[in-house]
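So the structure is just underneath, and the comments pick up after that.
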Amino acid sequence: MTITSREIVQQSLAFAAPPRIPFAMGGGFPSDFRGVSRGPAPNRRTQPWTERDGYWNMIDEWGNEWRRLENITKGEVHRGVIEEGWDLLETYQWPDVDRADLYEEAAERVKEYHQEGYYVHGSVGMSFDIARYMRRMEIFLTDCAAEPDRVRALLDRIADLLERQVHRYADIGVDGISSGEDWGTQDRLLMSPAMFRQLFKPVYERVVGAARSRGLSFRLHSCGFVREIIPDWIETGVNILQFDQPEIHGIDYLSENYGGKVHFESPVDIQTTLQTRDHTLIEATARDYIDKLTAPFGGGFIAGYYGSNPALGLAPEYQETASNTYMNHGENPWQ
């Protein structure tokens, strides 16, 4: 009987050497994954991205106003919903995110995707992103140093909402939870590892722990140099780390320290190798990821794809080379 995408992912996450590596690609290339999301919070008014005089803006369901200069990047928060003072929390209307009816459509999608053989993720936010959006980035980083007790209280409330979402997703039968937040600059974390462990690791323990307690995997995206807290994420139970620039950590380093412990999902590095536009190098790099991150361990690498070639300033052909290599070299690569 033909093995399904879902079974390939399950076997890989168990480091059980499936017939090929899992795929999480786009751009017309295959993916073993599908994602579902809950409905919007009914008690919050949002605004989609709208073009203004020289910029675009959007209001998210937390009440934050975002801006960007064009229509292909994520943008950044221009005004946080509680940036003007902590007292605004006293009257803040938290998004209603755990009503059962918000997950009814997602439940139908889960059934369909499982019938089609896919591995299904439910999507949630994460604490650092949510909190820094609400307070705005530069204010919130100051808060973490100057008012840690207020930060902990805010994070606890956010963790409550995230945990409840995880359990709702578990109730409708997803296979895993997918989340993400960027923790690094190009050469360091946005805060010390000690501060991360004091303030944010407890949230990961709660949210990831909730997923694992329900038999779900946990996938986490992060950009930047985050090497110092990879062990913390693994300790909390994260199964998949999605890195768009894995070479910032060193592929040999990731293999030697975390091979057989966690999966890395990555395109060929978007800031280094892809930017060379060298097809030979891109192919060799894609093979290297497989040879070092998954082949010795029976699992450990998921073929990724960066979702916006225009944002990279690249023609699709370079990711096509990477994706074709992942597909060809990812067949039964186990050593």
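Take the sequence shown: its letter number 312 is residue 310 in this note's numbering, and every next letter is one higher. Note that CB positions come from ideal geometry on N, CA and C, so glycine has one too. Computed from a predicted structure; not experimentally measured.
For Tyr117, the three-state secondary structure derived from DSSP is strand.
Contact annotation: the region 188 to 202 does not touch the region 237 to 257, with fewer than three C-beta pairs closer than 8 Å.
Arg217: member of the beta strand (DSSP E) spanning Ser215 to His219, first to last residue. Remark: fewer than three beta-carbon pairs, one from each stretch, lie closer than 8 Å, so the region 158 to 174 and the region 219 to 233 are not flagged as touching. The beta carbons of Val266 and Gln317 sit closer together than 9 Å. Classified as exposed, Tyr251 has fewer than 16 neighbouring CB atoms from the shown chains inside 10 Å of its CB. Going by beta carbons, Pro20 and Ser10 fall inside the 9 Å limit. Look at the beta carbons and you see the region 256 to 274 touching the region 284 to 292: at least three pairs across the two are nearer than 8 Å. When the beta-carbon positions are compared, Met135 and Val79 stay at least 9 Å from each other.
Taking all protein chains shown into account, Ile1 has fewer than 16 neighbouring C-beta atoms within 10 Å of its C-beta and is therefore exposed.
Contact check for Tyr116 and Arg4: beta-carbon distance about 6 Å, within the 8 Å limit, so the pair qualifies. Inter-residue distance for Ile156 and Ile128 is about 8 Å (C-alpha atoms, whole angstroms).
Rounded to whole angstroms, the gap between the alpha carbons of Trp332 and Glu263 is 17 Å.
The C-beta separation of Asp30 from Ala39 comes to about 30 Å, leaving the pair out of contact by the 8 Å criterion. For Glu63, the closest alpha carbon among the candidates Arg43, Gly52, Ile70 and Asp51 is that of Arg43. As for any beta strand (DSSP E) of minimum length 3 sitting wholly inside the region 145 to 217, the runs are 174 to 178, ordered along the chain. The alpha-carbon separation between Ala105 and Gln113 amounts to approximately 13 Å.
Comparing alpha-carbon positions, the option among Glu68, Pro93, Phe27 and Trp84 lying closest to Leu152 turns out to be Trp84. Judged by their CB atoms, Ser125 and Glu81 are not nearer to each other than the 9 Å cut-off. Phe13 is not a Cβ neighbour of Gly213, given a cutoff of 9 Å. Of the candidates Leu197, His261 and Trp47, His261 places its Cα closest to the Cα of His219. In terms of Cα proximity to Ala209, the closest of Val172, Ser253, Thr71 and Arg186 is Val172. According to DSSP, Val75 shares a beta bridge with Trp64. For Ile57, the enclosing beta strand (DSSP E) has its first and last residue at Trp54 to Ile57. Apart from sequence neighbours up to five positions away, the residues of its chain that approach Asn237 with a beta-carbon distance below 8 Å are Leu11, Gly174, Ser215, Phe216, Arg217, Val260 and His261, ordered along the chain. In the DSSP assignment, Gly33 forms a beta bridge with His119. Apart from the 5 residues on each side of it in sequence, Gly33 sits with its Cβ closer than 8 Å to the Cβ of Val118, His119, Gly120, Ser121 and Ser176 in its chain, given in chain order.
Minimum Cα-Cα distance from Phe223 among the listed residues Met193, Leu86, Met189 and Tyr287 corresponds to Met189. Exclusion of the five residues before and after Phe194 leaves Ile227 as the residues of its chain whose Cβ lies within less than 6 Å of its Cβ.
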